[in-house]
Each structure stands twice: as C-alpha cells, then as structure tokens.
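Residue numbers (the numbering used here): 58 to 623.
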Amino acid sequence: MNETVREPARPDGPAPFERGTFDRRDRALILAHLGVSFAALLIGALAGLFQGLQRTGFIQLPQAVGYYQLLTAHGVSLALIFTTFFIIGFLYSGTAKTLDGRFRPFERALAWIGFVLMTAGTVMSLLMILTNDATVLYTFYAPMRAAPWFYIGLALVIVGSWFSGWTIFASYYRWKKAHPGEVSPLFAYMSVATMILWIIATLGVAAEVLFQLIPWSFGWTARINVELSRALFWYFGHPLVYFWLLPAYIYWYVNIPQIIKGRLFSDSLPRLTFLLFILYSVPVGFHHQLMEPGIGAFWKFLQIFFTMIVVVPSLMTAFAMLATFELSGRLKGAKGRFEWVRKLPWKDVRFFAPVLGMAMFIPAGAGGVVNASYQMNQVVHNTLWVTGHFHMALATTVVSTFFGIAYWLVPALTNRKLTRGANNLGILQSWLWFLGMLLLAGSMHIVGLFGEPRRTAYTTYRDHPVVEVWLPYWQVMGVATVFVVLSVLLFLGIVVYLWAFAPRLETAAEYPIGTPLDPAQRPPRILERWSLWIAVTAVLILVAYGVPVWEMLQNPEPGSPPIRSW
Ligand code: HAS
Ligand code: CU
C-alpha cells in the first residue's frame with residue numbers, strides 16, 4: 058500500500074494486482090497458522106455434527122461421549138482456536154506484504170514464539186476436553202471447574218497471541234521509522250488497531266485465568282468470586298467478537314475493492330471505524346450480564362449506552378461497502394441507478410463468499426441490538442435465540458468471509474492457481490454454508506422466542522406440551538447441521554487441493570490490495586496517535602468498570618467451591 062498510496066490517481070480503470078510472492082520464511086509462518094486453524098475447523102465441525110444431531114433427537118451418543126463434552130470441543134475449537142489462528146495468519150500476510158514486502162528476522166522470531174506457545178496451549182486444552190476433564194463450555198464459567206491444565210493451556214494461547222501482536226507492532230514500528238511522515242498502509246493500520254483491541258481485551262481474561270481460575274482449580278484457594286470472574290470474562294468476551302469481526306472488515310475494506318476491480322472510496326473512514334472499535338468495544342461487557350444480580354442498574358445502563366455507540370462503526374461499514382460496490386460498477390461504466398449491481402463479479406468466490414456474509418450481518422446485527430435492549434434481553438437471554446445470533450454473526454458473517462480469504466490466500470502462499478473448478482466448487486460450498494446457517498440460526502432464533510433454553514442436551518422435559526412447538530424446528534436444525542458440516546468438508550477438500558495439488562503459477566502469486574480513489578487525500582494524522590487513543594480507551598474502561606468492579610472486590614460474595622456438573 059505504501060507504493061500504491063503514492064501512485065497517481067487513475068480514473069481510467071482499476072490498478073493491476075500488486076505482484077509479488079511472499080518471502081519463503083513468511084510463507085511457512087503463515088501456512089503454519091492456517092494449518093492449525095483448518096485442523097481446529099475440522100475438529101470443531103465434527104463435534105458440532107454429533108452434538109447437533111444429539112440435541113435435535115436424530116441420534117444417541119455412545120456412552121463414552123457426553124453432549125456437553127462435544128459442545129465444549131465445538132465451541133473451543135471453533136470460536137477460540139480456529140478463529141485466532143486464522144486471523145493471525147491473515148493479519149501476518151497483509152502486514153508482511155504492505156510493510157515493505159516481508160517480515161524481518163526479529164519479527165519472525167517473535168511470531169514463531171507466539172505460534173509455539175499457542176499451539177502447545179491448544180493441544181493441552183483440547184486434551185483436557187478429550188479426557189472429559191474440562192467440560193466447561195467455551196466460556197469456561199466458574200463455578201464449573203476444569204482441570205488446571207485446561208486453563209494453563211488457554212493462558213498459553215493468550216500469551217502466545219500477545220507475541221503475534223508484538224510481531225505486528227514491531228514491523229509497523231520498523232516501517233514508520235523507514236518512512237518518516239508517511240501515512241501507514243491501511244492494512245497495517247487496521248492490523249495494529251485489531252491487535253491493540255485484542256491486547257486490551259485479553260488483559261481481563263488473563264487476570265481471570267491467572268488470579269482466579271488457576272489457583273482455585275489447583276485447590277490453592279477454596280472459593281472463587283463468581284461475579285467477578287464473569288465480569289472479567291465479559292470484559293474480554295465482547296471485544297473478542299470484534300477481534301473476530303475486524304479481520305473480516307479488513308478484507309472488506311482493503312482487499313475486496315481490488316478483487317472487484319474497484320477502488321477504496323475512502324482511506325480515512327475505515328481508520329476512523331477501527332478507532333471507534335478500540336474505544337467502544339471494551340466498556341460494554343455488561344450487556345452479557347444484564348440478567349445478573351450484583352451489578353447496579355446504572356452501570357448496566359451506561360454499558361448499554363456504549364453498546365449502542367459501538368453499533369455505529371458497523372453502520373458506517375455497511376455504508377462504505379455499498380459505496381465501494383457502486384463505485385466499482387460505475388468505474389466499469391455502469392449507468393442508471395442499479396446497473397452497477399450487475400457489474401459486480403458474482404461468480405468470483407473471493408467476492409461472493411464474503412457478500413453472503415455481509416447479507417447475513419444485516420439480521421445478525423439487528424439481533425445484536427435486540428440483545429442489547431434491556432427489556433428484550435429478558436426475553437432472549439439464555440435461550441437458543443442467542444445461539445442463533447452468533448451463528449449468524451460469527452459463523453456466517455465472519456467465517457464466510459474467512460472462506461473467501463482462504464480461497465485466494467492459500468494458493469497465493471503456495472504459488473498455485475485458484476482454478477475455475479475450485480472457484481465454482483467454492484461458490485457451491487458458500488451457498489451450502491449460507492443456506493445451512495440460515496436454516497440453523499433462523500430456527501434457533503424462532504425456538505428461542507418460544508422459550509427453548511440454550512446449552513441443553515436433548516430432552517423433552519417429560520413430554521411437556523411446549524416442546525411440541527419446538528419439534529419441527531429441531532427437524533430443520535438437524536438437517537441444517539448436516540448441510541453445514543458437508544460445507545466444511547467441501548471447503549477443507551478445496552483447501553487441500555489449493556495447498557498441494559492445484560496447477561502451479563507461472564508468475565508470482567497475486568495479493569489483492571485496493572488503492573484509494575483519491576490517493577492525494579491523506580487521512581488525518583491524529584488517527585495514528587495510538588497513545589492518545591489508548592489513553593482515552595483506558596478512561597472509558599475506568600468509567601464503565603471502575604466502580605462496579607471495586608464494589609465486587611469490596612463486598613465479595615461468599616464465593617463458590619469448585620463444582621463438577623458432568
Ligand atoms: Fe453479539 C451475544 C449484542 C455483534 C457474537 N454475540 C453474543 C454472543 C456471541 C456474539 C458469540 O447486547 C454469545 C456469547 C455467549 O456465548 O453468551 N452483538 C451485539 C451487538 C452487536 C453484536 C449490539 N455479536 C456481534 C458480532 C459477533 C457477535 C459481530 C461475532 C462476530 N451480542 C450482543 C448481546 C449479547 C450478544 C447483547 C448477549 C445476549 C445475551 O443475553 O446473552 C453489534 O456489533 C452489531 C452491529 C451490526 C450491524 C450490522 C451492519 C451490517 C453490515 C453489513 C452490510 C452489508 C452490505 C452488503 C452493505 C448494525 C456491516 C449488502 C449486500 C447484500 C447482498 C444484501
Ligand atoms: Cu457482546
């Protein structure tokens with residue numbers, strides 16, 4: 058991007074793909090991250106298949122396997138491991154590429170340390186789930202107690218991910234020093250913002266794991282302050298959802314304009330968007346705890362207020378996406394009000410998969426606003442509605458975007474071609490995913506409104522009449538589960554093909570980075586004053602969390618001994 062920003066405006070048409078492969082060592086680094094993420098995707102999907110079919114009454118599980126054990130494996134592998142490794146691999150690809158083409162040895166060393174820590178932690182945690190010693194679901198709420206090694210494994214994943222952040226900061230800092238006075242490439246700016254958000258957020262869960270869960274699970278402390286542990290978890294848990302979403306936004310803002318042969322309609326708006334996410338994603342965790350005692354109504358209200366503010370950058374993104382699409386159509390000569398729609402490359406999976414994700418984000422985001430509205434939260438909290446909400450937002454919007462990324466990033470890394478056949482199978486796979494998730498998450502929303510609780514194995518509640526209303530939706534959910542698992546298997550098959558079997562490219566692989574419509578227009582410098590924004594974020598966090606957390610510490614609940622509920 059540093060080259061492209063300096064490039065003169067070319068109103069006559071889109072810029073060509075930036076040429077160039079990755080450095081061999083960067084390629085190994087990125088592929089390693091993607092490899093682990095795909096393995097986690099497979100484990101998570103298979104766990105999801107059996108758990109989904111059990112819950113809806115299609116199958117019975119063998120004695121040795123528990124529903125909640127599968128549910129834990131599903132959530133941990135997909136929500137925590139697949140996402141984190143994929144995101145880091147993707148961010149590395151774009152930062153290495155836009156910050157002068159490759160990482161330097163020091164940066165790579167940091168990155169590998171992070172990878173080793175994260176992988177070791179993942180293996181530890183998954184083993185504990187496998188031995189049924191950590192059936193505590195992906196939010197690992199106290200007072201359910203897992204084996205200490207489960208928490209230690211998660212701690213390693215967190216610390217390892219900090220090394221990834223430092224890798225990105227180090228390369229950004231190196232670039233800034235080499236390019237004094239220049240505006241950083243957009244991809245790198247957004248990656249830095251994502252990692253700042255991530256590090257601020259993970260401080261909460263790190264404190265929970267290190268100071269509360271680990272000592273308690275070893276038996277060094279007899280009781281745990283459950284309210285505090287939940288507050289620390291959700292201090293992390295909400296920004297976690299933006300750690301998933303922002304890389305998808307990076308792809309939408311930076312890469313897609315190039316893929317659709319258009320332009321970025323602004324270089325400043327995406328930066329402002331990401332800044333707003335840093336400021337407002339953290340002081341909102343109470344919107345997951347609206348139904349809990351021990352937190353004053355005023356503090357819940359304040360955090361809901363911030364939640365409504367953090368919706369704004371997503372609305373800005375919706376606007377920016379439509380503007381980008383229209384611009385690309387008009388650059389290709391579209392006339393009239395809607396002809397630009399037809400100029401979009403609908404048959405290109407790199408565009409099509411994320412667009413399905415965008416479409417799903419409209420109901421998913423609306424559902425989020427429902428969740429955040431206190432009175433309506435009383436209706437939906439702890440029902441399958443919430444499960445439906447995140448199967449739209451995370452599993453469809455974000456994951457479908459990740460599919461779109463993988464389809465070009467994997468062959469770009471292995472210098473192979475995304476063949477027409479693979480592209481078309483990818484479109485089929487994206488449809489299967491989208492329709493499967495629409496049926497699955499749509500049914501979850503509806504039965505949630507009919508009162509079906511989330512996180513429950515198959516039960517008819519002693520043939521309670523209300524369950525009869527749920528039954529047809531279970532049928533749909535069971536079938537939809539099969540749809541989405543088939544889609545994952547197809548995806549992984551295509552990825553293996555692109556990784557190892559597709560025809561080799563004659564020329565260097567392509568890495569799509571969009572150019573701004575008006576390169577002369579420089580984003581305001583203040584957007585890059587990180588220390589200022591981190592300080593403002595700290596103040597907002599203090600305002601939102603200071604008093605309630607102080608109260609939890611001053612008037613602690615009696616606390617709970619460890620409980621094994623499985
Ligand atoms: Fe959420 C619960 C509120 C976004 C994930 N959320 C969850 C949980 C997860 C999750 C995993 O306030 C469950 C946690 C658990 O296990 O208990 N959520 C929100 C709000 C937003 C939101 C206000 N959530 C997300 C995203 C997630 C995610 C993103 C993952 C990636 N959520 C809540 C609340 C709860 C909650 C409560 C707690 C519920 C409870 O009681 O437990 C907002 O950020 C949403 C803003 C989004 C929009 C949509 C903008 C649309 C765009 C697309 C444009 C497309 C275009 C293209 C232009 C306003 C950007 C069109 C093209 C076509 C072809 C049509
Ligand atoms: Cu949230």
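Just so it is clear, CB atoms sit at the ideal spot from N, CA and C, and this is done for glycine as well.
Rounded to the nearest angstrom, what separates residue i and residue j at their Cα positions?
| i | j | result |
| --- | --- | --- |
| Phe459 | Phe143 | 8 Å |
| Ile335 | Phe290 | 18 Å |
| Ile462 | Arg407 | 6 Å |
| Tyr230 | Tyr246 | 11 Å |
| Gln360 | Met494 | 30 Å |
| Tyr602 | Ser588 | 21 Å |
| Glu614 | Ser487 | 48 Å |
| Leu329 | Leu584 | 7 Å |
| Ala380 | Ser248 | 23 Å |
| Ala66 | Ala565 | Caution is warranted here: a pLDDT of 41 is assigned to Ala66, below 50, making its placement in the model unreliable, and no coordinate value can be reported. |
| Tyr208 | Val367 | 30 Å |
| Val627 | Trp309 | The displayed coordinates of the chain run from 58 to 623. Any statement about residue 627 would go beyond what the structure contains. |
| Asp324 | Leu156 | 17 Å |
| Tyr530 | Ala537 | 10 Å |
| Pro573 | Thr251 | 21 Å |
| Thr516 | Gln111 | 10 Å |
| Gly422 | Leu303 | 14 Å |
| Arg519 | Leu106 | 25 Å |
Can residue i be considered in contact with the ligand HAS, in the sense that its beta carbon sits closer than 7 Å to one or more heavy atoms?
| i | result |
| --- | --- |
| Ala263 | no |
| Ala416 | yes |
| Thr374 | yes |
| Val368 | yes |
| Ile484 | no |
| Met378 | yes |
| Ser371 | yes |
| Gly422 | yes |
| Ile598 | no |
| Leu436 | In the sequence as presented, Leu is not what sits at residue 436; that position holds Val. Incorrect: Val436 has no Cβ contact closer than 7 Å to the ligand HAS. |
| Ile352 | no |
| Ala429 | yes |
| Val545 | no |
| Leu285 | no |
| Gly703 | Because the chain spans 58 through 623 in this model, residue 703 falls outside it and cannot be assessed. |
| Gly319 | no |
| Phe268 | no |
| Leu302 | yes |
| Ile170 | no |
Measure the CB-CB distance between residue i and residue j and report whether it falls below 8 Å.
| i | j | result |
| --- | --- | --- |
| Glu243 | Pro370 | Rather than Glu, the amino acid found at residue 243 in this sequence is Leu. Not closer than 8 Å, so no. |
| Trp232 | Leu167 | no |
| Trp206 | Met185 | yes |
| Val193 | Met201 | yes |
| Leu91 | Gly146 | yes |
| Ala448 | Ala410 | Looking at the sequence shown, residue 448 is not Ala but His. Contact flag unset, no. |
| Val541 | Trp490 | yes |
| Leu441 | Glu525 | no |
| Ser617 | Ile281 | yes |
| Ala153 | Phe79 | yes |
| Leu254 | Tyr299 | yes |
| Ala305 | Gly414 | yes |
| Gly178 | Leu148 | no |
| Gly319 | Ser241 | no |
| Leu562 | Asn472 | yes |
| Ala199 | Val311 | no |
| Lys357 | Phe343 | yes |
| Thr141 | Tyr195 | no |
| Ser94 | Phe160 | no |
Tell me whether residue i counts as near the ligand CU, meaning its Cβ is closer than 7 Å to at least one heavy atom of that ligand.
| i | result |
| --- | --- |
| His295 | yes |
| Val456 | no |
| His345 | yes |
| Val19 | Limits of the chain in this structure are 58 at one end and 623 at the other, which puts residue 19 out of reach. |
| Val298 | yes |
I'd like to know whether the C-beta of residue i is nearer than 8 Å to at least one C-beta of chain C.
| i | result |
| --- | --- |
| Tyr208 | Although the question refers to chain C, the structure presented lacks it and comprises just one protein chain. |
**OP:** Evaluate the contact criterion for the segment 470 to 483 versus the segment 545 to 559: three or more CB pairs, one atom per stretch, below 8 Å.
**Re:** yes
Original post:
Mind pulling the alpha helix (DSSP H) runs of 4 or more residues that sit fully within the segment 392 to 455?
Top reply: 396 to 399, 406 to 428, 431 to 437 and 441 to 449
Original post:
For the segment 157 to 197, which segments carrying the alpha helix (DSSP H) assignment without a break, of at least 4 residues, lie completely within its bounds, in sequence order?
Top reply: Within the segment 157 to 197, the complete alpha helix (DSSP H) runs of at least 4 residues are 162 to 187.
Original post:
If you pair each beta-carbon of the segment 555 to 574 with each one of the segment 466 to 482, do three or more pairs fall below 8 Å?
Top reply: yes
Original post:
At what residue ranges does the segment 233 to 282 contain a whole run of the alpha helix (DSSP H), taking only runs of 4 or more?
Top reply: 243 to 264 and 271 to 275
Subject >> Three-pair Cβ contact test at 8 Å for the segment 291 to 307 versus the segment 258 to 265 >> reply: yes
Subject >> Length at least 4, wholly inside the segment 501 to 567: the alpha helix (DSSP H) runs in chain order >> reply: For the alpha helix (DSSP H) assignment, the uninterrupted runs of no fewer than 4 residues enclosed by the segment 501 to 567 are, from N- to C-terminal side, 522 to 553.
**OP:** List in chain order: all unbroken alpha helix (DSSP H) runs of 4+ residues lying wholly within the segment 77 to 120.
**Re:** Taking only runs of at least 4 residues, the alpha helix (DSSP H) segments lying wholly in the segment 77 to 120 are 81 to 112.
**OP:** Spell out a yes or no on whether the segment 424 to 438 and the segment 121 to 137 are touching, meaning 3 or more CB-CB pairs, one atom from each, closer than 8 Å.
**Re:** no
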